[in-house]
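Asker: The sequence shown begins at -9 in this note's numbering and counts up one residue at a time.
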Amino acid sequence: MGMSVGMAGRGGRGHRRRGRHHALISEINVTPMVDVMLVLLIIFMVAAPLLTVGVPIDLPDTQAKAMNVDTQPITVSINATGQIYLQETEIPIEELVAKLQAISKTGYDERIFIRGDKSTDYGTAMKVMARISAAGYKNIGLVSLQEQDQ
């Protein structure tokens, strides 16, 4: 009249099947990984245009070809009203050379790009270039847009 606790003999925990042993299936489910990668791609595609220099300037058009550059240059921008920006920070012209020396990594060989609005006073742009050149910087360039054939 004894009863056993559990279901011994009927597939309970303690019972093992005889015969076939099932091997573990170790596969990576690729679908979630692809979903994450696509989301990251979309995030970077949206964020990349927002990382450019943020001073709104209407650049003049030229026939010069685009330059191949390896490192990020220092950018000095002059807007239509004559305000001067170092990267994205407005600074007075008197502080320009001191701030350039503070942020330049390669000394006087640092590449400096000057972006001037096409309605900027020519004298203001020349003052900026003269101060940078007089400080000893040799690698100064003007930024423009390529002309579009109409």
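Glycine included, each C-beta is placed from N, C-alpha and C at the ideal position. If you're wondering where the values come from, they're calculated on a predicted model, not measured in any experiment.
(1) Three-state secondary structure (DSSP) at residue 112?
(2) Can you give the beta carbon distance from residue 74 to residue 64, rounded, assuming they're within the 8 Å contact cut?
(3) Which residue marks the beginning of the alpha helix (DSSP H) containing residue 86, and which one marks its end?
(4) Counting along the chain, where does the beta strand (DSSP E) carrying residue 76 start and finish?
(5) For the region 76 to 93 against the region 114 to 132, do three or more pairs of beta-carbon atoms, one drawn from each stretch, fall closer than 8 Å, so that the two count as touching?
(6) Could you check whether the region 93 to 109 touches the region 125 to 133, counting it as contact only if at least three pairs of C-beta atoms, one from each stretch, sit closer than 8 Å?
(7) Can you give me the C-alpha to C-alpha distance between residue 27 and residue 35, rounded to a whole angstrom?
(8) For residue 12 and residue 30, what's the separation of their Cα atoms in angstroms?
(9) Can you list, in chain order, the residues of its chain with a C-beta nearer than 7 Å to that of residue 114? Leave out the 5 residues immediately preceding and following it.
(10) Of all the options 32, 108, 132, 131, which has the alpha carbon lying nearest to the alpha carbon of residue 50?
(11) Along the chain, where does the beta strand (DSSP E) containing residue 21 start, and where does it finish?
(12) Could you check the C-alpha separation between residue 134 and residue 104 for me, to the nearest Å?
(13) Let's see if you can read the secondary structure: which residues bound the beta strand (DSSP E) around residue 67?
(14) Taking the beta strand (DSSP E) that residue 81 falls in, what are its first and last residues?
Answerer: Considering the structure as presented:
(1) For this step, residue 112 is matched to residue 122 along the sequence shown. DSSP places residue 112 in helix when its eight states are reduced to three.
(2) Counting from 1 along the sequence shown, the entry for residue 74 is found at position 84. Counting from 1 along the sequence shown, the entry for residue 64 is found at position 74. Actually they do not touch by this definition, with Cβ atoms about 13 Å apart.
(3) Residue mapping note: residue 86 aligns to position 96 of the sequence shown, counting from 1. Residue 86 -> alpha helix (DSSP H) spans 86 to 93.
(4) Here residue 76 is taken as the residue at index 86 of the sequence shown, counted from 1. Where residue 76 is concerned, the enclosing beta strand (DSSP E) stretches over 74 to 76.
(5) yes
(6) yes
(7) Within the sequence shown, numbered from 1, the residue matching residue 27 stands at position 37. Within the sequence shown, numbered from 1, the residue matching residue 35 stands at position 45. If I take the Cα positions, the gap works out to 12 Å.
(8) Looking up residue 12 in the sequence shown gives position 22. Looking up residue 30 in the sequence shown gives position 40. Cα to Cα, residue 12 sits roughly 38 Å from residue 30.
(9) Looking up residue 114 in the sequence shown gives position 124. Same-chain partners within the cutoff: 68, 72.
(10) Residue mapping note: residue 50 aligns to position 60 of the sequence shown, counting from 1. Closest option to residue 50, Cα to Cα, is 108.
(11) Here residue 21 is taken as the residue at index 31 of the sequence shown, counted from 1. No beta strand (DSSP E) contains residue 21, which is instead part of the alpha helix (DSSP H) from 20 to 37.
(12) Position 144 of the sequence shown holds residue 134. Position 114 of the sequence shown holds residue 104. Computed Cα separation, rounded: 9 Å.
(13) As a first step, residue 67 is located in the sequence shown; it is residue number 77 there, counting from the start. It spans 64 to 68 - the beta strand (DSSP E) in which residue 67 sits, taken as one unbroken run.
(14) The residue given as residue 81 occupies position 91 in the sequence shown. Counting along the chain, the beta strand (DSSP E) containing residue 81 begins and ends at 79 to 81.
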